[in-house]
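Asks:
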Amino acid sequence: MTLDAIATALANGPSQEEVEAELRACFANLLAGVDKHQIALGSAKRRLRRMIDSFSASAHKDRAALRLAHMESLKFFGEEDHYLRTGPLSAFLDSRAVTIQASEDGALGDAWTGKRVRAPRIVDAFADGRCRGTVGLPGKPMWFTPYTGEMRALCEEARERKCARARRVEIARRAVSLLGLVHIHARDEVIAMVTSRTIGELGFEHPKTGDQMGPAGPTAIEARGHRRFRHWPRRSIDDRYGRTYELDGELRSKASPRDTHGAAESVRPVLPIEAFEHCIYLGRLSNPDFDDAEGDYLRTLGAPDSVSLLRDLAKATGL
Numbered sequence: 033m034t035l036d037a038i039a040t041a042l043a044n045g046p047s048q049e050e051v052e053a054e055l056r057a058c059f060a061n062l063l064a065g066v067d068k069h070q071i072a073l074g075s076a077k078r079r080l081r082r083m084i085d086s087f088s089a090s091a092h093k094d095r096a097a098l099r100l101a102h103m104e105s106l107k108f109f110g111e112e113d114h115y116l117r118t119g120p121l122s123a124f125l126d127s128r129a130v131t132i133q134a135s136e137d138g139a140l141g142d143a144w145t146g147k148r149v150r151a152p153r154i155v156d157a158f159a160d161g162r163c164r165g166t167v168g169l170p171g172k173p174m175w176f177t178p179y180t181g182e183m184r185a186l187c188e189e190a191r192e193r194k195c196a197r198a199r200r201v202e203i204a205r206r207a208v209s210l211l212g213l214v215h216i217h218a219r220d221e222v223i224a225m226v227t228s229r230t231i232g233e234l235g236f237e238h239p240k241t242g243d244q245m246g247p248a249g250p251t252a253i254e255a256r257g258h259r260r261f262r263h264w265p266r267r268s269i270d271d272r273y274g275r276t277y278e279l280d281g282e283l284r285s286k287a288s289p290r291d292t293h294g295a296a297e298s299v300r301p302v303l304p305i306e307a308f309e310h311c312i313y314l315g316r317l318s319n320p321d322f323d324d325a326e327g328d329y330l331r332t333l334g335a336p337d338s339v340s341l342l343r344d345l346a347k348a349t350g351l
């Protein structure tokens, strides 16, 4: 079966609007990465072949079946090292990095201390050297943003012991909104981890080639279907950083140019917890409802219908 054949099946089937939006975002980001040569053609083909094989084996040839096939193909990303090869970064190399972690019912405490420790106490455990393990999940990229601008200001305010609980709720909400973290739920506790070294010093050895590599810009390969990922850059291939999707609709509308909202972001393999200088409790997310309409997001991507995108992917990949 080919991508064109799948497109024909979708064109003749029911619309299934909720599933359609997810497919449009996935295919638009994948196509943008291929067009800008930031996703290796071989990586895109392997990911799409797995989706095609899974869809071909399904009993129903509709958007719901394609979504399941898309989810099945995501399992392959754990073996994908594409994010190690998207090129060097050109800015923020002298800044440290900050990554956000969310703790639900002490989950981070279990991972880092071996005990059911709530997020505020994880900060104490980190300060006492009682945390072990890695920041991020093995086999998946660690996402981070430069420790500059608004993100740094939020973290520095939250580091103050006198920061009130109500203010921490606001800080957690703003950090989640700025970074487009739609997967963080109400009552999750938000922690910021700040590296001791600069981004320019966060090099690593490629696990397959042994080459020295550095952090790189993210693509749809690393995003694994993240609901608010957008491929970046749109203007210049020299800008290797990604860009988060601001969840606050008012701030998105004020951005100039309109697509520059959010914050810079990048990826690299996970880091040991000893590589971080600060562990900062930002606060608990109380209300995750943002002015975050699906239509606005798809317009940001410039994503037409899934049938057109599949046919464009067929031309780009020959599948």
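Here my numbering = 1-based position in the sequence shown + 32.
Built from N, CA and C at the ideal position, the CB exists for glycine as well.
Fair warning: this is a prediction, and the values are worked out from it, not measured in the lab.
Could you check whether the Cβ of Leu35 sits closer than 8 Å to any Cβ belonging to chain C?
Replies: The displayed structure is made up of one protein chain only, and chain C is not part of it.
Asks: I think Leu55 touches Arg95, with their Cβ atoms under 8 Å apart; what is that distance to the nearest whole Å?
Replies: Contact holds; Cβ gap of about 6 Å.
Asks: Report the rounded CA-to-CA distance for Ser48 versus Arg128, giving the unit in angstroms.
Replies: For the record, residue 48 in the displayed sequence is Gln; it is not Ser. Going from the Cα of Gln48 to the Cα of Arg128 covers about 44 Å.
Asks: Following the continuous alpha helix (DSSP H) through Tyr329, name the residue where it begins and the one where it ends.
Replies: Counting along the chain, the alpha helix (DSSP H) containing Tyr329 begins and ends at 326 to 333.
Asks: Ignoring anything shorter than 4 residues or poking outside the stretch 132 to 165, list the alpha helix (DSSP H) runs there in chain order.
Replies: Runs of the alpha helix (DSSP H) inside the stretch 132 to 165: 139 to 145, 151 to 159.
Asks: Starting from the C-beta of Lys147, find all residues in its chain whose C-beta is less than 7 Å away, skip the five residues before and the five after it, and write them out in chain order.
Replies: Closer than 7 Å at Cβ, skipping near neighbours: Gly141.
Asks: With distances taken between CB atoms, is the gap from Ala248 to His263 smaller than 8 Å?
Replies: Contact: no.
Asks: Since I believe Leu35 is in contact with Ile84 (beta carbons under 8 Å), could you give me their beta-carbon distance rounded to a whole number of angstroms?
Replies: Sure, about 7 Å apart at Cβ, within 8 Å.
Asks: Since I believe Leu80 is in contact with Thr276 (beta carbons under 8 Å), could you give me their beta-carbon distance rounded to a whole number of angstroms?
Replies: Not a contact, Cβ separation roughly 26 Å.
Asks: Which residue marks the beginning of the alpha helix (DSSP H) containing Glu188, and which one marks its end?
Replies: Its alpha helix (DSSP H) spans residues 181 to 191.
Asks: Do you know how far the Cα of Thr40 is from the Cα of Leu100?
Replies: Whole-angstrom Cα-Cα distance: 18 Å.
Asks: In this structure, does DSSP put His310 in helix, strand or coil?
Replies: Strand, per DSSP.
Asks: Taking Met15 as part of the beta strand (DSSP E), name the residues at either end of that continuous run.
Replies: The structure shown does not extend to residue 15, since the chain spans only 33 to 351, so no value can be given for it.
Asks: From Ser90 to Ala97, what does the alpha carbon distance come to, in whole angstroms?
Replies: Their backbone Cα atoms lie some 7 Å apart in a straight line.
Asks: With respect to the alpha helix (DSSP H) encompassing Phe87, which residues constitute its N-terminal and C-terminal limits?
Replies: Phe87 -> alpha helix (DSSP H) spans 73 to 88.
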